[in-house]
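Structure, as structure tokens:
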Amino acid sequence: MHGLATRFPADFTWGVATSAYQIEGAAREDGRGDSIWDEFCRRPGAIKDGSSGERACDHYHRFEDDVALIASLNVKAYRFSIAWPRVQPRGEGAWNEKGFDFYDRLVDRLLERGIEPHLTLYHWDLPQALQETGGWRSRDTVLRFVDYAAEVGRRLGARAASIATHNEPWVIATLGHETGVFAPGEQSRGNAMQVSHHLLVSHGLALQALRSQGCRARLGIVLNQAPIHPATDSATDRAKARLEDGLLIRWYMDPLLLGAYPEDVLAYLGDDAPKSREGDMELIGQPLDFLGINYYTRGVAAAGGDADGSRPDREVTDMGSEVFPGGLSELLTRLHDDYPLPPVYIMENGAAYNDQVIDGRVADRERIRYLGSHISALADARENGVDVRGYFVWSLLDNFEWADGYPKRFGIVFVDYGTQRRILKDSAVWYRTFCGIGAAAAA
Ligand code: FCB
Numbered sequence: 028m029h030g031l032a033t034r035f036p037a038d039f040t041w042g043v044a045t046s047a048y049q050i051e052g053a054a055r056e057d058g059r060g061d062s063i064w065d066e067f068c069r070r071p072g073a074i075k076d077g078s079s080g081e082r083a084c085d086h087y088h089r090f091e092d093d094v095a096l097i098a099s100l101n102v103k104a105y106r107f108s109i110a111w112p113r114v115q116p117r118g119e120g121a122w123n124e125k126g127f128d129f130y131d132r133l134v135d136r137l138l139e140r141g142i143e144p145h146l147t148l149y150h151w152d153l154p155q156a157l158q159e160t161g162g163w164r165s166r167d168t169v170l171r172f173v174d175y176a177a178e179v180g181r182r183l184g185a186r187a188a189s190i191a192t193h194n195e196p197w198v199i200a201t202l203g204h205e206t207g208v209f210a211p212g213e214q215s216r217g218n219a220m221q222v223s224h225h226l227l228v229s230h231g232l233a234l235q236a237l238r239s240q241g242c243r244a245r246l247g248i249v250l251n252q253a254p255i256h257p258a259t260d261s262a263t264d265r266a267k268a269r270l271e272d273g274l275l276i277r278w279y280m281d282p283l284l285l286g287a288y289p290e291d292v293l294a295y296l297g298d299d300a301p302k303s304r305e306g307d308m309e310l311i312g313q314p315l316d317f318l319g320i321n322y323y324t325r326g327v328a329a330a331g332g333d334a335d336g337s338r339p340d341r342e343v344t345d346m347g348s349e350v351f352p353g354g355l356s357e358l359l360t361r362l363h364d365d366y367p368l369p370p371v372y373i374m375e376n377g378a379a380y381n382d383q384v385i386d387g388r389v390a391d392r393e394r395i396r397y398l399g400s401h402i403s404a405l406a407d408a409r410e411n412g413v414d415v416r417g418y419f420v421w422s423l424l425d426n427f428e429w430a431d432g433y434p435k436r437f438g439i440v441f442v443d444y445g446t447q448r449r450i451l452k453d454s455a456v457w458y459r460t461f462c463g464i465g466a467a468a469a470a
């Protein structure tokens, strides 16, 4: 472990991550408005275990203890998101002071303990009132988001280390609006692509607004990415892999960093390509202070559809996704070759396993192996010249894993939802020791 730690500089940012809807609970308290996830969870069958984020980890009431828990892990940084409907219940109009109060105290407690706050403005919980006027399909939502971003910047921007506009726009657009497995549960490819465009425009306008008010936090966006490998070397599998790469990676990276959507993907989309306005590409391409990447696994593309059948021996997590650490260094090295990258932060990486508490202990050896092998792949990428400055484990706590509900446990800290007791898993102890080596070197 010591050898691994010494492959990173002393000022590397080690952290843990969460998001508002997945941990806060207190969904109806202190004036919080409904979000599209509250609404989605009420749909019969939408969430596998029929649950919701209504109580989750009760972090809203327990944040002081949770900050102490974070500090006990020796990490330098904590990534969390602001619940838009908590600070502006209807997504426009009055601000909810009690909601801002919560984030204010959270940020202060973190700073008192020497932990950098890394904020995400939008981790999927759109105010339901805005969904009812068209949600992200509507250009008006873009303007509402910019007002919200500016207000968060005004109140928290001087204390935050970084502010990311969106978390995983591909997920919001594609899983929320094309396949419909996530909120708001719509199923239209054309709408999904329009949503992706509005998310990108809102990102650019928000960056402009934050910069014009002198916001000191570093500004960026967080994308989910995976290298896509063809299942076989056949021309059709390779073409499928190239298209999936286009939809997942180039669709977002090209406009952000090269100024245009990829031509091959536009041609593929045909009438489903988004309508943009003059000047949109300049807005989207605002300079980034950082790029956040979430990495979990690779993708495998088969023209015939069954990509997994060809790899029966692959090692998988409890989500059924392949453990493939080499994909992280491959991905980062490729991004570095293809784009003029700003400093990169891995904003999420981690794995769900079917953890059990036995005699008060969770011996999650697979998770330790997962984290160690991915951190090692990250060191490889750095040694290949990629400017990666930070890494955040997903997640601090077991939490509400969206459409999968509570059975999928991603935490390095176990949550007993009945009592809300937190139990450090062995992986948390491992990460604490690992981060401690870095912290000692920095001192
Ligand atoms: C990512 C999400 C995060 C979490 C992990 C497992 O797509 O950003 O909220 O659910 O997956």
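In the working numbering, the protein residues as written are 28 to 470. Note that CB positions come from ideal geometry on N, CA and C, so glycine has one too.
Examine the ligand FCB and report whether any of its heavy atoms sits within less than 7 Å of the Cβ of residue 376. Relative to the ligand FCB, the beta carbon of residue 376 is positioned no closer than 7 Å to any heavy atom.
Residue 249 versus residue 337 - alpha carbon distance: Linking residue 249 to residue 337 through their CA atoms gives a straight-line distance of about 31 Å.
Could you check the C-alpha separation between residue 449 and residue 266 for me, to the nearest Å? If I take the Cα positions, the gap works out to 47 Å.
Among residues of its own chain, excluding the 5 on either side of residue 402, which ones have a beta-carbon nearer than 7 Å to its beta-carbon? Answer for residue 402: 31 and 418, listed in chain order.
For residue 308, three-class secondary structure by DSSP: Residue 308 falls in the helix class under three-state DSSP.
Can you list, in chain order, the residues of its chain with a C-beta nearer than 6 Å to that of residue 289? Leave out the 5 residues immediately preceding and following it. Cβ within range, chain order: 273, 277 and 281.
Which residues DSSP lists as bridging residue 385, in chain order: Its beta-bridge partners are 388.
Candidates 326, 49 and 73, of which the one nearest residue 444 by Cα: Nearest of 326, 49 and 73 to residue 444, Cα basis: 49.
Can the beta-carbon of residue 420 be found less than 8 Å from the beta-carbon of residue 398? Contact: yes.
Report the option in 333, 53 and 321 whose CA atom is closest to the CA atom of residue 198. Ranking 333, 53 and 321 by CA distance to the CA of residue 198 puts 321 first.
For residue 175, which residues from the same chain have a beta carbon less than 8 Å from its beta carbon, with the 5 sequence-adjacent residues on both sides left out? Closer than 8 Å at Cβ, skipping near neighbours: 111, 114, 115, 118 and 148.
Closest residue to residue 390 among 372, 457, 328 and 447 (Cα-Cα distance): When only C-alpha atoms are compared, the closest one is 457.
Could you check what DSSP says for residue 163 in three-state terms: helix, strand or coil? If DSSP states are grouped into helix, strand and coil, residue 163 belongs with the helices.
Rounded C-alpha distance that separates residue 213 from residue 120: The alpha-carbon atoms of residue 213 and residue 120 are separated by roughly 26 Å.
Go ahead and label residue 339 buried or exposed: buried means 16 or more other beta carbons lie within 10 angstroms of its beta carbon, across all protein chains shown. Classification of residue 339: exposed, given that the 10 Å Cβ count is below 16.
For the alpha helix (DSSP H) containing residue 64, list its first residue and its last residue. In the DSSP assignment, residue 64 falls within the alpha helix (DSSP H) that extends over 63–68.
Confirm the yes/no value for this check: CB of residue 421, any heavy atom of the ligand FCB, distance under 7 Å. Yes, the ligand FCB has a heavy atom inside 7 Å of this Cβ.
Roughly how many angstroms lie between the CA atoms of residue 354 and residue 124, to the nearest whole one? Approximately 44 Å between the Cα atoms of the pair.
If contact is defined by three or more beta carbon pairs under 8 Å, each pair taking one atom from either stretch, is the region 130–137 in contact with the region 457–470? No: the two stretches stay apart, fewer than three of their Cβ pairs being nearer than 8 Å.
DSSP has residue 371 in a bridge; who is on the other side? Paired residue(s): 318 and 415.
In angstroms, rounded to a whole number, what distance separates the CA positions of residue 34 and residue 412? For residue 34 and residue 412, the distance between alpha carbons rounds to 13 Å.
For residue 375, I'd like the list of residues in its chain whose CB is within less than 7 Å of its CB, leaving aside the five on either flank, ordered along the chain. Correct list, in chain order: 44, 321, 419 and 421.
Considering only C-alpha positions, which residue in the set 138, 143, 235 and 462 is nearest to residue 170? With distances taken between CA atoms, residue 170 lies nearest to 235 out of 138, 143, 235 and 462.
If you draw a straight line from the C-alpha of residue 103 to the C-alpha of residue 41, how long is it? In a straight line, the C-alpha of residue 103 is about 6 Å away from that of residue 41.
Assess contact between the region 188–202 and the region 215–228, defined as three or more Cβ pairs (one per stretch) separated by less than 8 Å. Is contact present? Enough Cβ pairs lie closer than 8 Å, so yes.
I'd like the span of the alpha helix (DSSP H) that includes residue 98, first residue to last. Element bounds for residue 98: 86–99.
Opposite residue 349 in the DSSP bridges: which residues? Beta-bridge pairing links residue 349 to 343.
Tell me, which residues are paired with residue 189 by DSSP? Beta-bridge pairing links residue 189 to 145 and 245.
Mark residue 62 as exposed unless 16 or more other C-beta atoms lie within 10 angstroms of its C-beta, in which case mark it buried. Here residue 62 is buried: its Cβ has 16 or more other Cβ atoms, across all protein chains shown, within 10 Å.
Residue from 437, 360, 369 and 143 with nearest C-alpha to residue 404: Nearest C-alpha to residue 404: 360.
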